[in-house]
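**Student:** Numbered by the numbering used here, the letters in the sequence shown go through residues 1149 to 1584 in order.
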Amino acid sequence: MKLSDKKATLSFSDGSPSIDLPVYQGTVGPDVIDIRKLYGQTGMFTYDPGFLSTAACASGITYIDGDKGELLYRGYPIEQLAVKCDFLDICYLILNGELPNTKEKTDFDGLVVHHMMVHEQMQFFLRGFRRDAHPMAVLTGLVGAMSAFYHDSTDITNPQHRHISAIRLISKMPTLVAMAYKYSQGQPFIYPRNDLSYTGNFLRMMFATPCEEYKVNPVVERALDRIFILHADHEQNASTSTVRLCGSSGTNPFAAIAAGVGCLWGPAHGGANEACLQMLEEIQASGGLAKVGEFMEKVKDKNSGVRLMGFGHRVYKNYDPRAKLMQETCKEVLQSLGLENDPLFKLAMELERIALEDPYFVERKLYPNVDFYSGIVQRAIGIPTSLFTAIFALARTVGWIAQWGEMLSDPEYKIGRPRQLFTGAVPRDVADISKR
Ligand code: CMC
């Protein structure tokens, strides 16, 4: 980051002396006002619940221009990455800053795929869960448990350990998600195979059984790979910020990523894909297309507590570029699987059409986000709704671990410790229990 010639001056209406605050410039996007010395100089904090105007770190991984609807990984537009690369190219790019050449790609793909198998003992840990446990509950536990199973790579001061942990997390996540699914179905776990792609392996571990050969469908493989690409990183979102905050205490990467998985689960974040499909299913069950208008009235009524899931975003105030790509993939997959007349896809298209013309959504700049169509694709592939957020976690793991590594390498990194505006009781004495 570069110090700007410009300074910000903060003045007070009560005559207290004004102060100058440095301004820093990034390579693109808004400048930031450096308030680190504000408390020392004024005895005041800033107040910004939800981090609406706060850059909590400097980062060179992902850039979003929410007004333009632009998403760049390491400077490359998502629209180009989605058609020219596969998910492991994206992982390499996000981790290393550049796309791999042919040799680097062969080596990296081999490294990741050869580490997809998990410690055999993990299945016994997994078997302690109820079979009807939510996959995100299971995944939070399994990822946290990796720090016990892979304790030999938890020295965060050792760059080699950090690299090994990153590869372990990226490569083992599909295996853990598939194991959580198989366990819920009462089916045997399927081991990964070194001759399949990362995404092909995931599909096989999910859907193969020992009873017959499983052939990966290339259209489905490509569609799922695109889902992974579109979810790989998204700058300082809630779960990534959680990983950074958790990791800032110096905890091991598996514990930090487990915290991210827990955060992602919420319906305002990664849980939105599951909530979106449930919403579509409910509208369908209540009468389908004929009920869309009625549902939209409920969404606009603030007292109903109903939101149009898969719509709106903290940063995008334009069409989420990931949603456009996801809609394309959705059409391709439905067509290739002979599901072009899928009623939920028709419902989604109709909801989108109405929303894009309705002043409520237009004025608030609410557009479809990545989750609006991803659930329909996953459902068509055969992935159960309850697993959608776990798929998101699998894909986001590379972003989380890259952001965690970037934080640890930042010379300005400190433990995250927000302050507060205290509104509770002023100091008072404890009365004897008989007098309370
Ligand atoms: N349906 C109806 N109204 C909405 C919606 C929605 N989906 N999203 C926002 N609004 C309204 C909201 O009621 C508010 O109206 P008003 O100004 O009259 O009070 C206004 O739009 C601004 O909303 P906000 O909640 O202040 O915005 P935010 O930036 O805090 O929240 C959000 C962003 C994503 C949490 C929110 O849009 C939302 O809840 N969307 C539905 C859940 C969803 O799809 N989440 C996935 C996000 S993308 C995947 C990911 O990164 O995890």
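Heads up, the beta-carbon is just placed ideally off N, CA and C, and yes, glycines get one too.
Here the structure is a predicted model, which is why all the values come from computation and not from measurement.
1. Assign GLY1198 to one of two classes, buried (16 or more other C-beta atoms within 10 Å of its C-beta) or exposed (fewer than that).
2. What span of residues does the beta strand (DSSP E) with GLN1173 cover, start to end?
3. Using the beta carbon as the reference atom, which residues fall closer than 6 Å to any heavy atom of the ligand CMC, ordered along the chain?
4. Tell me where the alpha helix (DSSP H) around THR1589 begins and ends.
5. Compare the C-alpha of ILE1549 against each of LEU1243, SER1207, CYS1424, PHE1277 and name the closest.
6. Got a sec, what are the start and stop residues for the alpha helix (DSSP H) ILE1226 sits in?
7. Return the chain-ordered list of same chain residues with a C-beta closer than 7 Å to the C-beta of ASP1179, the five sequence neighbours on each side being excluded.
8. Quick check on the DSSP output: the beta strand (DSSP E) that includes ILE1431 runs from which residue to which?
9. Any contact between the segment 1400-1407 and the segment 1284-1304? By contact I mean 3 or more CB pairs, one from each, below 8 Å.
10. Using C-beta distances below 6 Å, list every residue in its chain close to LEU1220, excluding the 5 sequence neighbours before and after it, in chain order.
11. Exposed or buried, which one is ALA1423 when buried takes at least 16 other CB atoms within 10 Å?
12. For a quick check, are the C-beta atoms of GLU1227 and PRO1516 less than 8 Å apart?
13. Can you check DSSP and say which residues form a bridge with GLU1218?
14. What is the residue span of the alpha helix (DSSP H) that GLY1395 lies within?
15. Evaluate GLU1383 with the Cβ neighbour count: other Cβ atoms within 10 Å of its Cβ, from every protein chain shown; 16 or more gives buried, anything less gives exposed.
16. Can the beta-carbon of ILE1529 be found closer than 8 Å to that of VAL1454?
17. Closer than 8 Å is the cut-off here; do at least three beta carbon pairs connect the segment 1525-1545 with the segment 1460-1469?
18. So for VAL1180, helix, strand or coil by DSSP?
19. Please say whether PHE1193 and ARG1565 have beta carbons closer to each other than 8 Å?
20. Following the continuous alpha helix (DSSP H) through ILE1440, name the residue where it begins and the one where it ends.
21. What does a CB cutoff of less than 6 Å around LYS1320 pick up in its chain, not counting 5 residues either side in sequence?
22. Between SER1313 and GLU1554, is the Cβ-Cβ spacing less than 8 Å?
23. First and last residue of the alpha helix (DSSP H) that includes HIS1379?
24. What did DSSP end up calling PHE1193 once you bin it into helix, strand or coil?
**Tutor:** According to the data block:
1. For the purposes of this step, residue 1198 is taken as residue 50 along the sequence shown, with counting starting at 1. When all chains shown are included, GLY1198 counts as exposed.
2. The residue given as residue 1173 occupies position 25 in the sequence shown. Counting along the chain, the beta strand (DSSP E) containing GLN1173 begins and ends at 1167-1173.
3. HIS1382, ASN1385, ALA1416, HIS1417, GLY1418, ALA1420, VAL1447, ARG1455, LEU1456, MET1457, GLY1458, PHE1459, GLY1460, HIS1461, ARG1462, ARG1512, LEU1514, ASN1517, VAL1518, ASP1519
4. In the structure as shown, the chain begins at 1149 and stops at 1584. Residue 1589 is therefore absent and cannot be evaluated.
5. Against the sequence shown, residue 1549 aligns to sequence position 401. Answer by Cα proximity: LEU1243.
6. Locating residue 1226 in the sequence shown gives position 78, where the first residue counts as 1. Where ILE1226 is concerned, the enclosing alpha helix (DSSP H) stretches over 1226-1232.
7. Counting from one through the sequence shown, the residue named residue 1179 turns up at place 31. So the list reads SER1152, VAL1171, TYR1172, GLN1173, once near-sequence residues are dropped.
8. As a first step, residue 1431 must be located in the sequence shown, where it is residue number 283. Per DSSP, ILE1431 belongs to no beta strand (DSSP E); it is in the alpha helix (DSSP H), 1420-1433.
9. yes
10. Position 72 of the sequence shown holds residue 1220. Cβ within range, chain order: TYR1211.
11. Counted from its first residue, the sequence shown places residue 1423 at position 275. By the 10 Å Cβ count, ALA1423 comes out buried.
12. Your numbering for residue 1227 matches position 79 in the sequence shown. Your numbering for residue 1516 matches position 368 in the sequence shown. No; because the gap between Cβ atoms is not below 8 Å, this pair is not in contact.
13. Indexing the sequence shown from 1 puts residue 1218 at position 70. Paired residues: ASP1213.
14. The sequence position of residue 1395 within the sequence shown is 247, counting from 1. Element bounds for GLY1395: 1386-1395.
15. Taking the sequence shown and counting its residues from 1, one reaches residue 1383 at position 235. Classification for GLU1383: buried.
16. In the sequence shown, counting from the first residue as 1, residue 1529 sits at position 381. In the sequence shown, counting from the first residue as 1, residue 1454 sits at position 306. No, the Cβ-Cβ distance between ILE1529 and VAL1454 is not below 8 Å.
17. no
18. Locating residue 1180 in the sequence shown gives position 32, counting from the first residue. Correct three-state label for VAL1180: strand.
19. Position 417 of the sequence shown, counting from 1, holds the residue named residue 1565. Position 45 of the sequence shown, counting from 1, holds the residue named residue 1193. No, the pair does not count as a contact, with Cβ atoms beyond the cut-off.
20. As a working mapping, residue 1440 is identified with position 292 in the sequence shown. Correcting the residue identity first, residue 1440 is Val in this sequence and not Ile. That run of the alpha helix (DSSP H) goes 1440-1448.
21. Residue 1320 sits at position 172 when you count from the first residue of the sequence shown. Result list for LYS1320: VAL1266, in chain order.
22. Within the sequence shown, residue 1313 is the residue found at index 165, counting from 1. Within the sequence shown, residue 1554 is the residue found at index 406, counting from 1. Their beta carbons are not under 8 Å apart, which means SER1313 does not touch GLU1554 by this criterion.
23. Residue mapping note: residue 1379 aligns to position 231 of the sequence shown, counting from 1. First-last for HIS1379: undefined, no H or E at that position.
24. Counting from one through the sequence shown, the residue named residue 1193 turns up at place 45. Coil, per DSSP.
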